[in-house]
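First the structure, in the form of structure tokens, and then the observations on it.
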Amino acid sequence: MSRKRTELRRIREILRLHHELEYSDREIARAYKMSHTTVSKICTAVHEAGYTWPLSDEVDNNLLQQICYPRKSHSMSKHPQPNWEGIWKQMQRKGMTLRLQWLRYKDKHSDGYQYSQFCEYYNRWCKKKNVSMHQEHRAGVNTEVDYAGSTLPLTDPVTGVVKQVPVFVSALGVSGLLYAEATLSMKLPDWIGSHMRMFEFYGGATEILIPDNPKTGVKRPCRYDPDIQRTYENMVRHYGAVVIPARVRKPKDKPQAERGVQEVLRWIIVLLQERKFFTLGEMNESIFDELEKINSKPFTVREGSRRSVFEDLDKPLLRPLPSEHFTFEEWKKVKVHIDYHVQIDYNKYSVPYVLAGQKLTARITGTTVELFNGEKRVASHMRELTGRNRYSTHVKHMPENHVKHLKMTPDKIMRWAVRVGSHASEMAETILKRREHPAQGYRAILGIMSLSRKYGEERLEKACGMALRINSLRLKDVKLILQKELDLNQFDGKDEEDEPIMHKNIRGEEFYAREGSGKC
3 MSRKRTELRR
13 IREILRLHHE
23 LEYSDREIAR
33 AYKMSHTTVS
43 KICTAVHEAG
53 YTWPLSDEVD
63 NNLLQQICYP
73 RKSHSMSKHP
83 QPNWEGIWKQ
93 MQRKGMTLRL
103 QWLRYKDKHS
113 DGYQYSQFCE
123 YYNRWCKKKN
133 VSMHQEHRAG
143 VNTEVDYAGS
153 TLPLTDPVTG
163 VVKQVPVFVS
173 ALGVSGLLYA
183 EATLSMKLPD
193 WIGSHMRMFE
203 FYGGATEILI
213 PDNPKTGVKR
223 PCRYDPDIQR
233 TYENMVRHYG
243 AVVIPARVRK
253 PKDKPQAERG
263 VQEVLRWIIV
273 LLQERKFFTL
283 GEMNESIFDE
293 LEKINSKPFT
303 VREGSRRSVF
313 EDLDKPLLRP
323 LPSEHFTFEE
333 WKKVKVHIDY
343 HVQIDYNKYS
353 VPYVLAGQKL
363 TARITGTTVE
373 LFNGEKRVAS
383 HMRELTGRNR
393 YSTHVKHMPE
403 NHVKHLKMTP
413 DKIMRWAVRV
423 GSHASEMAET
433 ILKRREHPAQ
443 GYRAILGIMS
453 LSRKYGEERL
463 EKACGMALRI
473 NSLRLKDVKL
483 ILQKELDLNQ
493 FDGKDEEDEP
503 IMHKNIRGEE
513 FYAREGSGKC
């Protein structure tokens, strides 16, 4: 190529010597130390192109190059051309191979490329298609975050069990200043906590956060309208930033994080994997020591280091940290049970009873439980329940009949029973005594009380007396007595057992009195 460029610069001089001074091809060749056939080809090509000396202004160097060194027709034109775009799309399918694509191509074009040529031209086409766009980063704008692919071993000091823990990595867009820490998991609390400590490390927040697409941060990936996890979105908004996830399987969308992961892997994880750590704090102290070495290491291409560029460019433009720390919250969908309570962490929290059977959204923090119907908050509870199967119930959430039942006490029940009569009072007292807890007898007594509305208190008092005589404290027995009108068969309100039974075969108490005294 350099030889051609040298000849192109001399084409005009060769033409001048040939036409004006009438030098022979060999004389010109000796003067410029080139082959006389090359001189002949140049003069012939210009003549055949229809140009004469002196050349007109329209003949520039590019045109001369095309005249003297015309591009050779590529061998691809001799064969049927595959649809490289269609082949590339097919290659994105799982299990598809380039050989299978070539076989399909040969079935249609028997005179087409052989397999090696097919692969060569496809790879050339892909290189042209996948041209990388240079991304210009502005200071203090982007923070790219990711997890390192490798883990570090954490040993339990009691059991000796080794657990592999992930490493969180972030990098600023311009300086590339790195932050890294080990966390127990990649779940939401650790994901949020890592971001908060990252902002503290940088001393401020950037305008944009660019994560990958982990489920803890992005519920539904989408190139145009991703669905960000609600807690993550609220946390980022607390720091005055927004989340713009990278496209799926597009690592070039976050190049600083990718380079940062490589640095952390080579200079931190590989070094620390051989060491034994018993606490997460001890592990992170070692990570921070090695991290500072990376951030302070001079660049190989440009001046300065990650730390110096951060101090000069990124740091002055970071958003200041908010005065209050972000309160970790968790959002989840819950269903209201038939008892108008929702279950959170094995305990129950009430909502207005009219919402029974509906689905609500719960906002759970370390101290509160809030429940939302759409965007409207319908209930709020302090998160004070311990253990399992405990209830937090607000009276205002209960229907009226449940409130009355809640307010029922043994004293109120006994006052009602005394007002009805002695038999009702005795039955209520007996029911309360026979139950382990008085509240267990409330429902049975309330059922007996409800019979007075249909049959009246006078009949209910008699029915309670009959039930006591047969030693039955069940509601259905009292109800049956009233339905069969058995209480009306009593005489003037006197109990049957008070009336003496007269029969010739029944011995009276006089007989037993004589028997006891020895008289016959």
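First residue of the sequence shown? That's 3 in the working numbering, and the numbers climb one at a time after it. From the three backbone atoms N, C-alpha and C, an ideal C-beta is built for every residue, glycine too.
So, at 7 Å on beta carbons, what are the nonlocal neighbours of L453 in its own chain, with the 5 sequence-adjacent residues on each side left out? On the sequence shown, residue 453 is found 451 positions in, with the first residue counted as 1. Counting only Cβ-Cβ distances below 7 Å, and skipping sequence neighbours, we find L462, V480, K481 and L484.
I271 vs A150 beta-carbon contact at 8 Å: In the sequence shown, residue 271 corresponds to position 269, counting from 1. In the sequence shown, residue 150 corresponds to position 148, counting from 1. Taking 8 Å as the Cβ cut-off, I271 and A150 qualify as a contacting pair.
Proximal residues to S75 (C-beta, below 7 Å), its chain only, five neighbours per side dropped: Indexing the sequence shown from 1 puts residue 75 at position 73. The predicted position of S75 is uncertain, since its pLDDT is 49 and thus under 50; no value can be drawn from it.
Would R308 be called buried (16 or more neighbouring beta carbons within 10 Å of its own) or exposed? Residue mapping note: residue 308 aligns to position 306 of the sequence shown, counting from 1. Counting Cβ neighbours within 10 Å, R308 comes out buried, since at least 16 surround it.
Quick check: what's the CA-CA separation for G359 versus T367? Looking up residue 359 in the sequence shown gives position 357. Looking up residue 367 in the sequence shown gives position 365. Rounded to whole angstroms, G359 to T367 spans 24 Å at the Cα level.
Cβ neighbours of P401 in the same chain (closer than 8 Å, five flanking residues each side left out): Counted from its first residue, the sequence shown places residue 401 at position 399. Around P401: Y355.
Which of helix, strand or coil does DSSP assign to S307? Taking the sequence shown and counting its residues from 1, one reaches residue 307 at position 305. The answer is strand: DSSP assigns S307 an E or B state.
Note down, in chain order, each residue of its chain lying with its Cβ closer than 8 Å to the Cβ of I450, except the 5 sequence neighbours on either side. On the sequence shown, residue 450 is found 448 positions in, with the first residue counted as 1. For I450, where only same-chain residues beyond five positions count, the Cβ hits under 8 Å are A426, M429, A430, L462, C466, L477 and V480.
Measuring CA to CA, which of I30, A446, T145 and L17 is closest to A47? Translated into positions along the sequence shown, residue 47 becomes position 45. Measuring from the Cα of A47, the nearest candidate turns out to be L17.
Indicate whether at least one CB of chain D lies closer than 8 Å to the CB of R14. Included in the structure is just one protein chain, with no chain D present.
Excluding the 5 residues flanking V344 on each side, which residues of the same chain have their C-beta closer than 6 Å to its C-beta? Position 342 of the sequence shown, counted from the start, is the residue given in the question as residue 344. Answer for V344: V336, V338 and Y351, listed in chain order.
What are the complete beta strand (DSSP E) segments, minimum 3 residues, inside the stretch 362 to 391? Runs of the beta strand (DSSP E) inside the stretch 362 to 391: 370 to 375 and 378 to 384.
Since V164 contacts T157 with CB under 8 Å, what's their CB separation in whole angstroms? By 1-based counting over the sequence shown, the position of residue 164 is 162. By 1-based counting over the sequence shown, the position of residue 157 is 155. Between V164 and T157, the beta carbon gap of about 5 Å places them in contact (Cβ cut-off 8 Å).
Close-in-space but distant-in-sequence residues of the same chain around H21 (CB under 7 Å, 5 per side omitted): As a working note, residue 21 is residue 19 in the sequence shown. Here the set comprises W55.
Coarse secondary structure for P247, derived from DSSP in three states: Here the question's residue 247 lines up with position 245 in the sequence shown. Here DSSP, grouped into helix, strand and coil, assigns P247 to coil.
Pull up the CB-CB distance for C121 and L100, whole angstroms please, since I reckon it's below 8 Å. One-based indexing of the sequence shown puts residue 121 at position 119. One-based indexing of the sequence shown puts residue 100 at position 98. Cβ-Cβ separation between C121 and L100: approximately 6 Å, consistent with a contact (criterion under 8 Å).
Tell me the rounded alpha-carbon separation between D227 and P247. Taking the sequence shown and counting its residues from 1, the one referred to as residue 227 is at position 225. Taking the sequence shown and counting its residues from 1, the one referred to as residue 247 is at position 245. Cα-Cα distance, rounded: 10 Å.
Pull up the distance between the alpha-carbon of I399 and that of F374, whole angstroms please. Here residue 399 refers to the residue found at position 397 of the sequence shown. Here residue 374 refers to the residue found at position 372 of the sequence shown. It should be noted that the sequence gives His, not Ile, for residue 399. Looking at the two C-alpha atoms, the distance is approximately 14 Å.
T39 to D62 span [Cα, whole Å]: Position 37 of the sequence shown holds residue 39. Position 60 of the sequence shown holds residue 62. So the two alpha carbons sit approximately 23 Å from each other.
Secondary structure of Q345, DSSP reduced to three states: Translated into the one-based positions of the sequence shown, residue 345 becomes position 343. It is a strand residue.
Could you say which of N403, K435, K295 and V244 lies nearest to R268 if we only look at CA atoms? Against the sequence shown, residue 268 aligns to sequence position 266. When each option's Cα is compared against that of R268, the closest is K295.
State buried or exposed for Q275, treating a residue as buried only when at least 16 other CB atoms are found within 10 Å of its CB. For the purposes of this step, residue 275 is identified with residue 273 of the sequence shown, where counting begins at 1. Exposed.
Here's the rule: buried if 16 or more other CB atoms are within 10 angstroms of the residue's CB, otherwise exposed. What is H383? As a first step, residue 383 must be located in the sequence shown, where it is residue number 381. That one is buried.
Three or more C-beta pairs closer than 8 Å, one from the stretch 284 to 299 and one from the stretch 318 to 333: is that the case here? no
Give the DSSP bridge partners of N144, in chain order. As a first step, residue 144 is located in the sequence shown; it is residue number 142 there, counting from the start. N144 is bridged to I210.
My output table needs one value for A182: the three-state DSSP class, helix, strand or coil. Within the sequence shown, the letter at position 180 stands for residue 182. Of the three classes helix, strand and coil, the one that applies to A182 here is strand, per DSSP.
Give the single residue among D148, L180 and C224 whose Cα lies nearest to the Cα of I194. Counting from 1 along the sequence shown, the entry for residue 194 is found at position 192. Answer by Cα proximity: D148.
Which residues does DSSP list as the beta-bridge partners of Y393? Along the sequence shown, read from residue 1 onward, the residue named residue 393 stands at position 391. Paired residue(s): K350.
Quick check on the burial criterion: 16 or more other C-beta atoms within 10 angstroms. Buried or exposed for I340? Here residue 340 is taken as the residue at index 338 of the sequence shown, counted from 1. I340 comes out exposed.
With a CB to CB cut of under 6 Å and the five nearest residues on each side skipped, what residues in its chain are close to D2? Residue 2 cannot be examined here, being either before or after the span of the chain that is shown, 3 to 522.
Report all residues from its chain with a CB closer than 8 Å to the CB of V171; omit the five preceding and five following residues, and keep chain order. Indexing the sequence shown from 1 puts residue 171 at position 169. Answer for V171: V147, D148, Y149, A150, L180, Y181, A182, A259, G262, V263 and V266, listed in chain order.
Write down the C-beta distance between K221 and D229 rounded to the nearest angstrom, noting that I regard them as a contact closer than 8 Å. Within the sequence shown, numbered from 1, the residue matching residue 221 stands at position 219. Within the sequence shown, numbered from 1, the residue matching residue 229 stands at position 227. At roughly 4 Å, the Cβ-Cβ gap stays under 8 Å, so K221 and D229 are in contact.
Any idea what DSSP makes of P191, helix, strand or coil? Against the sequence shown, residue 191 aligns to sequence position 189. When secondary structure is reduced to three states using DSSP, P191 falls in the helix class.
For A51, does the three-state DSSP call read helix, strand or coil? Position 49 of the sequence shown, counting from 1, holds the residue named residue 51. Looking at A51 - three-state DSSP - the assignment turns out to be coil, as it is neither helix nor strand.
Beta-carbon gap between Y53 and I89 smaller than 8 Å: Here residue 53 corresponds to residue number 51 of the sequence shown, with the count starting at 1. Here residue 89 corresponds to residue number 87 of the sequence shown, with the count starting at 1. The answer is no: Cβ separation not under 8 Å.
Can you check DSSP and say which residues form a bridge with Y2? The structure shown does not extend to residue 2, since the chain is modelled only from 3 through 522, so no value can be given for it.
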